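Undergrad: Sharing a structure here in structure tokens format.
Number of protein chains: 2
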Amino acid sequence: MVPHLTTALTGPLLELERQFLDNACDIEKWFRTQWQDHMPPFYGSTDLRNSGFKLAPVDLNLFPGGFNNLNDVFMPLCVQAAQAAIERICPDASKLLLIPENHTRNQFYLQNVAKLASILRLTGLDVRIGSLLPEIAAPTVLELANGATLTLEPLRRSGSRIGLDDFDPCAVLLNNDLSAGIPQVLKGLDEQWLIPPLHAGWHKRRKSKHAECYDRVAREFAAAIGIDPWRINPEFGVCGQINFQERTGEECLAAQVDSLLTRIRAKYKEYGVTDEPFVVVKADAGTYGMGVMTVKDASEVVGLNRRQRNKMAVVKEGLQVHEVIIQEGVHTFETVEDGVAEPVVYMMDHYVVGGFYRVHTERGRDENLNAPGMHFKPLAFDTSGTMPDAAQGPDAPPNRFYAYGVVARLALLAASVEIEETAPAEEEDAGGDALAA
Amino acid sequence: MVPHLTTALTGPLLELERQFLDNACDIEKWFRTQWQDHMPPFYGSTDLRNSGFKLAPVDLNLFPGGFNNLNDVFMPLCVQAAQAAIERICPDASKLLLIPENHTRNQFYLQNVAKLASILRLTGLDVRIGSLLPEIAAPTVLELANGATLTLEPLRRSGSRIGLDDFDPCAVLLNNDLSAGIPQVLKGLDEQWLIPPLHAGWHKRRKSKHAECYDRVAREFAAAIGIDPWRINPEFGVCGQINFQERTGEECLAAQVDSLLTRIRAKYKEYGVTDEPFVVVKADAGTYGMGVMTVKDASEVVGLNRRQRNKMAVVKEGLQVHEVIIQEGVHTFETVEDGVAEPVVYMMDHYVVGGFYRVHTERGRDENLNAPGMHFKPLAFDTSGTMPDAAQGPDAPPNRFYAYGVVARLALLAASVEIEETAPAEEEDAGGDALAA
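Below, the structure is given as structure tokens:
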């Protein structure tokens, strides 16, 4: 099933998709060359927004949840891609320790962990799940709503290795984004593969660094296939010294918002877009859709009320927000039935392995669809994103999904560059990473 | 759809499949290690025979046809695996020349070529098809029965490179098994990637060398997971000096047949199998099911009549048969509806990408299902072979197909070893390969 595009704006996106289709050969060649120079992350997911005139990633997650939302038909693709990832990163591994988030009450998240573990087991790994939760003091079997079970076990540290009782893994896969910093138990593990590397965690990662890398990747790609990079690249700005509680830094924020809105208005004019521009203010280190605000005028960020300030001041794990990114808002003009829809694309190694739509019936086209407590309806893609069909129109499902896959891989490539460029000196990487908090 | 196993013999195979399932982790780890030491062929297909007590490959094709018979649902798997193959062998390639067999009247084969070209195009290669046929003097568009079209173009040699008019490819993929020897136009191409290497062609290749490599691979694998290698490994013998027309070498053949049947009888006794043993005599360099004879007693190969001798004496492209392999026959106890069925598994790089059943309603369980003029019914697998499900029984479709995938990959690994060990010295490889005929 493919969402309907609002007809008024299908024109330009069809043009973009047509360009992707016509250049599929060069695009794949370009990616192949890029992946020779850059090591793909083990896995990732990206939220795309599709405005009809612009198709752009707005988030790239290096610790993807939501594998449970993918179409089971494409599980073999996941397994094959996971095999490639294992071969690339830790070919000798036979035992893998998976460390998830601490959300033991979130059924959807737990189903994601169970699905991820099953994919990894099918690559021939002995996979067990270690919990950072202090209350998991013995193996704990969780019965999931979908009938699966999940066994969480307490982590055991032994010298510079981590494992479980009677389980000494060669590799540790994090599905925990380290928002709260690197737990003591994960520091100094210099004998095991840590995937992704610790510095990819949200205690260190900055959305603005990713946006800067994406900007470069998108420009290079756009030049290679001859499109305006703006069509795939959201503009952004940064404010690095902000304190919402103490109301400092508002001027910087207002100035950045204003400057960004001015740039967007000029682009809208160039493309004849009549929508109202907006920007999204986000905590630079935040995740889970926390600390996010939609703004249509600079005046909106001056004199925030207490509720607004509280909402922006603190993100996941109680982290204080001092840096924000201001990102060009991309309207989502995709709808499924009566809901607004946002595609989320999943990748393992450098392969697109599936995706789903985040569908929300009570949110607008210019709102964030990944908000705390939001109950989105996942709708699995039913084509794989790797099978464009030149014989069909550019908006036919395989071709639309191909376009999604191209832009998603650009975001993944940007993440590779980001991880390379933010890698700490070797000594520090081996465990000296300081807590960000 | 999964074929029914004749109930009387499901017991032991279930046991074998159960062992594969229980050891899936070690099996995948074992393969991962092997593929670190051996370069997988670009592609391959293997014919399996499943007797209920034995599951074994009887043929490994390094120039697979039949991609048109695969389930379209698994095309993304093919594309992903083909991407991996391209990255491994010729990452810089952007243009690929595909050279097919000369069967321009075989609609099924042409559909295979069209499907293969479409898979390769989806990896981002500019693919064109060059024909060895002298009558293709200009680009020739063939309309296929399934609605696809295929353009065959005349090959153009320029110095030590081969291409088409206005098409200078980086890589050349052979879907032509070189039974007639290496055409002059393919000799001395030392500036382009030739895939597979020329010495993998049937002008040089010997089934007995493959069987010898498979024997070693199967023994190592069986030792690693603790099974009797005979359960996956057909016994074989060779006669190297035979001339069916002149009736020389019959004694060697009869002796080998007798010795093999004696060994099989002993094994049948050990496993309590009450079927009648048989062996298959095949041209050591033959293909397309030509030059094949089923034998249940040594006396059958002595004093062959003219028809039998003619059948065995000459194979594809008029090649004379002087060497034969005598291979343990494996009854096929799989049936689909009322036909006898033989699974054919397809691989690209080291990944299983699909398969189909060769179903024949007019042949017996101990007959060759791949014979000239044979009209088999292809029945695409509807599970991928990479998704065993431990929660289901060992004969559930995903688990049966997993077992197929394991044995097929063993045959592919044997082909890797075979290609390594038969590689000519560098100078010769660069074009000095002599015509075998």
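In the order they appear, the protein sequences are chains A and B.
For reference, each letter of the first sequence is one residue, going 1 to 437 in this note's numbering.
For reference, each letter of the second sequence is one residue, going 1 to 437 in this note's numbering.
Glycine included, each C-beta is placed from N, C-alpha and C at the ideal position.
Computed from a predicted model, the values in this text were never measured in an experiment.
Suppose contacts are defined by Cβ-Cβ distances below 8 Å. Is A:GLN80 in contact with B:TYR43 by that definition?
TA: Not closer than 8 Å, so no.
Undergrad: In chain order, what residues of the same chain have a beta carbon less than 7 Å from the beta carbon of B:TRP89, not counting five sequence neighbours either side?
TA: The question names Trp, but residue 89 of chain B in the sequence shown is Ile. Only PHE42, TRP193 and ILE195 meet the Cβ criterion.
Undergrad: Does A:GLN80 get closer than 8 Å to chain B when you measure Cβ to Cβ?
TA: Taking Cβ atoms only, chain B reaches closer than 8 Å to A:GLN80, which makes this a yes.
Undergrad: Which partner residues does B:TYR404 have in the DSSP bridge list?
TA: According to DSSP, B:TYR404 bridges with nothing at all.
Undergrad: Any C-beta of chain A within less than 8 Å: which residues of the segment 106-127 of chain B qualify?
TA: Residues ARG121, LEU122, THR123, GLY124, LEU125 and ASP126.
Undergrad: Which class does A:ASP47 belong to by DSSP, given the choice of helix, strand or coil?
TA: Note: A:ASP47 maps to strand in three-state DSSP.
Undergrad: Return no unless some Cβ of chain B is closer than 8 Å to the Cβ of A:ARG32.
TA: True, the Cβ-Cβ gap to chain B drops below 8 Å.
Undergrad: Rounded to whole angstroms, what is the Cα-Cα separation between A:TYR214 and A:ARG205?
TA: Cα to Cα, the separation comes out at about 14 Å.
Undergrad: Which one or two residues does DSSP pair with A:VAL238 in a beta bridge?
TA: Per DSSP, A:ILE325.
Undergrad: What did DSSP end up calling A:ASN243 once you bin it into helix, strand or coil?
TA: Reduced to three states, the DSSP call for A:ASN243 is strand.
Undergrad: Keeping to the same chain, check which residues put their C-beta closer than 6 Å to that of A:VAL280; ignore five residues upstream and five downstream.
TA: Closer than 6 Å at the Cβ level, and outside the excluded window around A:VAL280, lie THR294, GLN327 and GLY329.
Undergrad: Does B:GLU28 come within less than 8 Å of chain A when only Cβ atoms are used?
TA: Cβ-Cβ to chain A under 8 Å: yes for B:GLU28.
Undergrad: Taking Cβ-Cβ distances below 8 Å as the criterion, which residues of the segment 60-73 of chain A are in contact with chain B?
TA: Within the segment 60-73 of chain A, the residues whose Cβ lies closer than 8 Å to some Cβ of chain B are VAL73, listed in chain order.
Undergrad: Buried or exposed, going by whether 16 or more other CB atoms sit within 10 Å of the CB of B:PRO372?
TA: Here B:PRO372 scores only 49 on pLDDT, less than 50, and its place in the model is too uncertain to base an answer on.
Undergrad: Would a check of beta-carbon distances place A:SER94 closer than 8 Å to chain B?
TA: Yes - at least one Cβ of chain B is within 8 Å of the one on A:SER94.
Undergrad: Can you confirm whether B:GLU87, when its beta carbon is compared against all beta carbons of chain A, has any partner nearer than 8 Å?
TA: Yes, because at least one Cβ of chain A sits closer than 8 Å to the Cβ of B:GLU87.
Undergrad: Enumerate in chain order the residues of its own chain whose CB-to-CB distance from B:SER51 is below 6 Å, with the five nearest sequence positions on each side excluded.
TA: If we look at B:SER51 and ignore the five residues flanking it on each side, its Cβ neighbours are VAL330, HIS331 and PHE333.
Undergrad: Of all the residues that make up the segment 345-357 of chain B, which are near chain A by a beta-carbon distance shorter than 8 Å?
TA: Against chain A - using a Cβ distance shorter than 8 Å - the residues of the segment 345-357 of chain B are TYR351.
Undergrad: Would you mind giving the Cβ-Cβ distance between B:LYS95 and B:LEU122, rounded to the nearest angstrom? I have them listed as a contact below 8 Å.
TA: Contact doesn't hold; Cβ gap of about 15 Å is too wide.
Undergrad: Exposed or buried, B:GLN34, counting other C-beta atoms within 10 Å across all chains shown (16 or more means buried)?
TA: With 16 or more other Cβ atoms within 10 Å, it is buried.
Undergrad: Give the secondary structure of A:GLY373 by DSSP, where H, G and I count as helix, E and B as strand, and everything else as coil.
TA: With a pLDDT of 46 at A:GLY373, under the threshold of 50, the modelled position of this residue cannot be trusted; read the value that follows with caution. In the structure shown, A:GLY373 sits in coil (DSSP, three-state: anything other than H, G, I, E or B).
Undergrad: DSSP three-state call for B:ARG88: helix, strand or coil?
TA: Three-state result, B:ARG88: helix.
Undergrad: Does B:GLN320 come out as helix, strand or coil in the three-state DSSP assignment?
TA: Correct three-state label for B:GLN320: strand.
Undergrad: If B:ILE182 sits next to B:HIS203, beta carbons under 8 Å apart, how far is it from one beta carbon to the other, in whole angstroms?
TA: About 6 Å separates the two Cβ atoms, so the contact holds.
Undergrad: Return the residues of the segment 143-171 of chain A that lie within a Cβ-Cβ distance of less than 8 Å from chain B, sorted by chain order.
TA: Listed by position along the chain: nothing, the set is empty.
Undergrad: Taking the CB atoms as reference points, tell me whether B:ALA82 and B:GLN111 lie closer together than 8 Å.
TA: No; because the gap between Cβ atoms is not below 8 Å, this pair is not in contact.
Undergrad: In angstroms with no decimal places, state the Cα-to-Cα distance between A:THR274 and A:LEU178.
TA: Looking at the two C-alpha atoms, the distance is approximately 41 Å.
Undergrad: Given this structure, state the Cα-to-Cα distance separating B:ALA341 from B:THR46, to the nearest angstrom.
TA: Near 14 Å, if we compare the C-alpha coordinates of B:THR46 and B:ALA341.
Undergrad: Does A:PHE20 get closer than 8 Å to chain B when you measure Cβ to Cβ?
TA: Not one chain B Cβ lies under 8 Å of A:PHE20.
Undergrad: CB A:LEU412 to CB B:LEU77, shorter than 8 Å?
TA: No, they are not a contact pair.
Undergrad: Can you list, in chain order, the residues of its chain whose CB lies under 6 Å from that of A:ASP284, leaving out five sequence neighbours each side?
TA: Around A:ASP284: ARG206, LYS207, SER208, GLU323, VAL324 and ILE325.
Undergrad: If you reduce the DSSP assignment to three classes, tell me which class B:ARG263 lands in.
TA: Helix, per DSSP.
Undergrad: What is the DSSP secondary structure of B:ILE182, counted as helix, strand or coil?
TA: Residue state, collapsed to three classes: coil.
Undergrad: Looking only at DSSP bridge pairs, what is B:ALA56 linked to?
TA: Note: B:ALA56 sits in a beta bridge opposite B:ARG49.
Undergrad: Could you tell me the distance, in whole angstroms, from the CA atom of B:LYS296 to the CA atom of B:ALA145?
TA: Going by the C-alpha atoms only, they are around 41 Å apart.
Undergrad: Quick check: what's the CA-CA separation for B:ARG306 versus B:MET312?
TA: For B:ARG306 and B:MET312, the distance between alpha carbons rounds to 10 Å.
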